[in-house]
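Shown next, in structure tokens, is the structure this report addresses.
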């Protein structure tokens, strides 16, 4: 399988600030790849390097088999981009902006354009200044999705959309995927990434700290267990792989890794378990594992990306 | 008004904090210009007779009254200042008030800042009230600055403050008018355009009132006419100021009433819908985005050229005997034709500097696209950096060139029509000789945008330096090598026996080098984003 995006050892600095610090990222052809991280982690910087807007300091970047800086024009005929914060021309209508982008990219599918305008309930005759933030976002989404691009690069595309439109957007991304397009979806909305992505990369301080399918990630993550026992037990403390143990009378809560699960279950059984909840690690758990207790970016992480 | 104005004070303090640096340049320009004219009066006229002569020749030509207002009394310094600054000052004060009010009402709604403010403990009309009061304070400050500085400079206090009342009163009235247009327009730009249209209509009515026989009643139909009726230096009649203040108060109240009849973020006049489809490419986009500036600059060049052509003959004969002006213009001029041409040269120089302003502005608009993050989106299309920048470079070089040609043609045409001794062909050639200089000014901006946009202010600073050096360098006896650093200074005089065209080529070569390095620089650099 060839890669739509292949990045290794990517470094980008802004003055003394290292926005990307040896980032690796692989997006296979035909997959929706979630690029997850809080603001300031380096998501937008990565996307802008992929688009040839910024020049990498070091590392290799391949986009659809080409060099995003050198082969920019032919590559951009094959991709479409939705910026994180869409700004429109005050005097141009949304429809004119959509057609401008389509034309620059080498044409768009008129039928699909009309269908998307209808699905997203977007009025193309308003002037740029008259659109709300959500509607500006929709203009860029319609422009990108009505192209014949092989790869969609989306930078927090649903910011400003209402929940109903978010659902519509997810529906459309699934449709794109079914048509064999690749999608690189940058986001900090866990639910969106969880719902759409085949594979996920978590970025922290300019590095990808974890990558794989949600199942793969869960495989080496911890399972949360809550149980009510027939008698109180302290035996669990000595089991390998058990952490975060809380015992409140007959009730226990703990997390356990894949290796210690069997042993833990037999201990529970021997204590006459009467109620049991086993929850697989959520994306939030995975995410929090890399980010500690906070989702907010550290202050010295800010400034690289809005 | 129960509680509807709650929070006005807090919002006003917030607005002042936001605006102090934005308002300062307006206040400085409106405040200093009258004083500068006042101080220059003594050196402009060597005798009372000269002033009377100018007043008579101005009075003989209705075009002057139409454009600048009547020259009622040029025999006193304050009368001269009134004539010089009243039109320009009234425009400035009104625009200052309009922009201030729109910025804190419609523009704040467009950007979403207003939503944040309105969610606080503020009354229904507090934000509007704070914007209008801020503009009123600024207008009052204009009046006091102008009056105070002139009075301190030695003008009769009553006349000085009458002129202050003309300018401040205009600001006061238009703050209210802008508050109304802010409720009408569909967005900030529409609101500003509406208010500016009202201002232009007033200017026109007032101009007709000043020039038409039996047209004086037209002066009483609009704020600009009322302001003029204060007539500083001759009548010092403060009663029309009440009309201006009344206009401000009544229209502000009207605006408050209108604001209850519209939705947040929308104007009473709905925004015009546009075409649902477009056929724009990057070239047509560039032209489209600059359509407004094209018209504004085109009209500016045509209007200035015509006015300059009109004044050439009058002015050069009035100033022929003034040693100061003569030294400034042409120490070597002997014949009347040469003296007039020296005067034309200065006017063309002013046009060329304005051409430089136009070119720099167009080039820097390209960077604004980048700052406002539209460039990022456009560049995600199949468009190289060169392909992105080339249309702007072309437009920024072409537009001021065309403007300069329009200005020179207009100047030549009106100068000839009003009986100037100078050959029209010479005027046009002299205008064309200014082209490399204004292209160099534009090229500096292009290079800055391409190579290092954070240094783009250099383009403005350099233009100001060139302007000061070329205009005042010779009088202040600046050394030749220093004068030669200005491309506007090295432009040869076409009327000379053997004009030296080599500096024009040098200027053009430097401009080409700068443009090329700007283009190459843009291809290499990171896109800026904020």
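Residue numbers (the numbering used here), protein chains in the order written: chain A, 360 to 665; chain B, 324 to 853.
Virtual Cβ for every residue (Gly too), placed ideally from N, Cα, C.
With contact counted as at least three CB pairs below 8 Å, one residue from each stretch, are the region 770-779 of chain B and the region 659-668 of chain B in contact?
-> no
For residue 800 of chain B, the residue or residues it bridges with in DSSP = Here residue 800 of chain B is taken as the residue at index 477 of the second chain, counted from 1. Note: residue 800 of chain B sits in no beta bridge, so no partner.
Where DSSP assigns a beta bridge to residue 607 of chain A, which residues make up the other side?
-> Locating residue 607 of chain A in the first chain gives position 248, where the first residue counts as 1. According to DSSP, residue 607 of chain A bridges with A/610.
Runs of alpha helix (DSSP H) wholly within the region 663-738 of chain B (minimum 4 residues, chain order) | 697-701
Can you find a CB in chain B that lies within less than 9 Å of the CB of residue 407 of chain A?
-> If you number the first chain from 1, residue 407 of chain A lands on position 48. Residue 407 of chain A counts as touching chain B.
Taking only beta-carbon positions, decide if residue 605 of chain B is within less than 9 Å of chain E.
-> In summary, chain E is missing from the structure at hand, where the protein chains are A and B.
Does the beta carbon of residue 477 of chain A sit closer than 9 Å to a beta carbon anywhere in chain B?
-> As a working mapping, residue 477 of chain A is identified with position 118 in the first chain. No, because no Cβ of chain B sits closer than 9 Å to the Cβ of residue 477 of chain A.
Which residues in the same chain as residue 273 of chain B place their Cβ atom closer than 8 Å to its Cβ, once the five residues preceding and following it in sequence are excluded?
-> Since the displayed chain B opens at 324 and closes at 853, residue 273 of chain B lies outside it and no answer follows.
Spell out whether any CB of chain B is found under 9 Å from the CB atom of residue 488 of chain A.
-> Here residue 488 of chain A refers to the residue found at position 129 when the first chain is read from its first residue. Yes, contact with chain B.
Residue range of the alpha helix (DSSP H) that includes residue 451 of chain B | On the second chain, position 128 is the one that residue 451 of chain B refers to. First-last of the alpha helix (DSSP H) with residue 451 of chain B: 449-475.
Beta carbon of residue 526 of chain B: closer than 8 Å to some heavy atom of the ligand PLP?
-> No copy of the ligand PLP occurs in the structure displayed, which carries no ligand at all.
Neighbouring residues, chain A, relative to residue 600 of chain B (Cβ below 8 Å) | Against the second chain, residue 600 of chain B aligns to sequence position 277. Going along chain A in sequence order, the residues near residue 600 of chain B (Cβ under 8 Å) are 454, 455, 458, 483.
Min CB distance residue 658 of chain A to chain B below 9 Å = By 1-based counting over the first chain, the position of residue 658 of chain A is 299. With a pLDDT of 42 at residue 658 of chain A, under the threshold of 50, the modelled position of this residue cannot be trusted; read the value that follows with caution. So, not an interface residue.
Would you tell me roughly how many angstroms separate the C-alpha atoms of residue 415 of chain B and residue 628 of chain B, rounded to the nearest one?
-> The residue labelled residue 415 of chain B in the question sits at position 92 within the second chain. The residue labelled residue 628 of chain B in the question sits at position 305 within the second chain. Their Cα atoms are separated by approximately 21 Å.
Outcome for residue 909 of chain B when other beta-carbon atoms lying within 10 angstroms are tallied against a minimum of 16 | In this structure chain B extends from 324 to 853, so residue 909 of chain B is not present and cannot be described.
Start and end of the alpha helix (DSSP H) containing residue 455 of chain A?
-> One-based indexing of the first chain puts residue 455 of chain A at position 96. Counting along the chain, the alpha helix (DSSP H) containing residue 455 of chain A begins and ends at 453-464.
Between residue 694 of chain B and residue 851 of chain B, what straight-line distance do the alpha-carbon atoms span, to the nearest angstrom?
-> As a first step, residue 694 of chain B must be located in the second chain, where it is residue number 371. As a first step, residue 851 of chain B must be located in the second chain, where it is residue number 528. In a straight line, the C-alpha of residue 694 of chain B is about 7 Å away from that of residue 851 of chain B.
Exposed or buried, which one is residue 443 of chain B when buried takes at least 16 other CB atoms within 10 Å?
-> The residue labelled residue 443 of chain B in the question sits at position 120 within the second chain. That one is exposed.
Closer than 9 Å, CB to CB, is residue 438 of chain B near chain A or not?
-> Working through the second chain from its first residue, we reach residue 438 of chain B at position 115. So, not an interface residue.
Cβ pair count under 8 Å reaching 3, the region 450-470 of chain B against the region 413-428 of chain B | yes
Would you report the Cα separation of residue 557 of chain A and residue 640 of chain A, rounded to the nearest angstrom?
-> Sequence index remark: in the first chain, residue 557 of chain A carries index 198 (1-based). Sequence index remark: in the first chain, residue 640 of chain A carries index 281 (1-based). Answer to the nearest angstrom: the Cα atoms are 17 Å apart.
Output the residue ranges of the alpha helix (DSSP H) runs that lie fully inside the region 521-560 of chain B and measure 4 residues or longer, sorted by chain position.
-> 546-552
Going by DSSP, name the residue or residues bridged to residue 672 of chain A.
-> In this structure chain A extends from 360 to 665, so residue 672 of chain A is not present and cannot be described.
Can you list, in chain order, the residues of the region 486-514 of chain B whose Cβ is nearer than 9 Å to any Cβ on chain A?
-> 509, 510, 511, 512, 513
Three or more C-beta pairs below 8 Å linking the region 487-494 of chain B and the region 575-590 of chain B | no
Pairwise C-alpha distance: residue 648 of chain A and residue 585 of chain A = In the first chain, the residue the question calls residue 585 of chain A occupies position 226. In the first chain, the residue the question calls residue 648 of chain A occupies position 289. Their backbone Cα atoms lie some 19 Å apart in a straight line.
Proximal residues, the region 386-418 of chain A versus chain B, C-beta separation under 9 Å | 403, 407, 410, 411, 412, 413, 414
Give every residue of the same chain whose Cβ lies closer than 6 Å to the Cβ of residue 570 of chain A, excluding the five residues on either side of it in the sequence, and list them in chain order.
-> Counting from one through the first chain, the residue named residue 570 of chain A turns up at place 211. Hits under 6 Å: 560.
Kindly list, in the order they appear in chain B, the residues whose Cβ is closer than 9 Å to that of residue 649 of chain A.
-> For the purposes of this step, residue 649 of chain A is taken as residue 290 along the first chain, with counting starting at 1. Within 9 Å Cβ-Cβ: nothing; residue 649 of chain A doesn't reach chain B, min ~26 Å.
Contact set between residue 705 of chain B and chain A, taken where Cβ atoms lie within less than 7 Å | The sequence position of residue 705 of chain B within the second chain is 382, counting from 1. Per Cβ cutoff of 7 Å: 432, 435, 436, 463, 464, 465.
Residue range of the unbroken beta strand (DSSP E) whose run includes residue 741 of chain B = Counting from 1 along the second chain, the entry for residue 741 of chain B is found at position 418. Element bounds for residue 741 of chain B: n/a, residue is neither H nor E.
Does the beta-carbon distance from residue 810 of chain B to residue 774 of chain B come in below 9 Å?
-> Residue 810 of chain B sits at position 487 when you count from the first residue of the second chain. Residue 774 of chain B sits at position 451 when you count from the first residue of the second chain. No. Outside cutoff.
So is residue 605 of chain A buried or exposed if we call it buried at 16+ other beta carbons inside 10 Å?
-> The sequence position of residue 605 of chain A within the first chain is 246, counting from 1. That one is exposed.
Nearest to residue 807 of chain B by alpha carbon, out of B/470, B/501, B/794?
-> As a working mapping, residue 807 of chain B is identified with position 484 in the second chain. When each option's Cα is compared against that of residue 807 of chain B, the closest is B/794.
Which word fits residue 597 of chain A, buried or exposed, when buried means at least 16 other C-beta atoms lie within 10 angstroms of its C-beta?
-> Taking the first residue of the first chain as 1, we reach residue 597 of chain A at position 238. Exposed, since its Cβ has fewer than 16 Cβ neighbours within 10 Å.
Closest Cα partner of residue 826 of chain B within the set B/820, B/377, B/815, B/835 | To locate residue 826 of chain B, count along the second chain from 1; it is residue 503. Ranking B/820, B/377, B/815, B/835 by Cα distance to residue 826 of chain B puts B/815 first.
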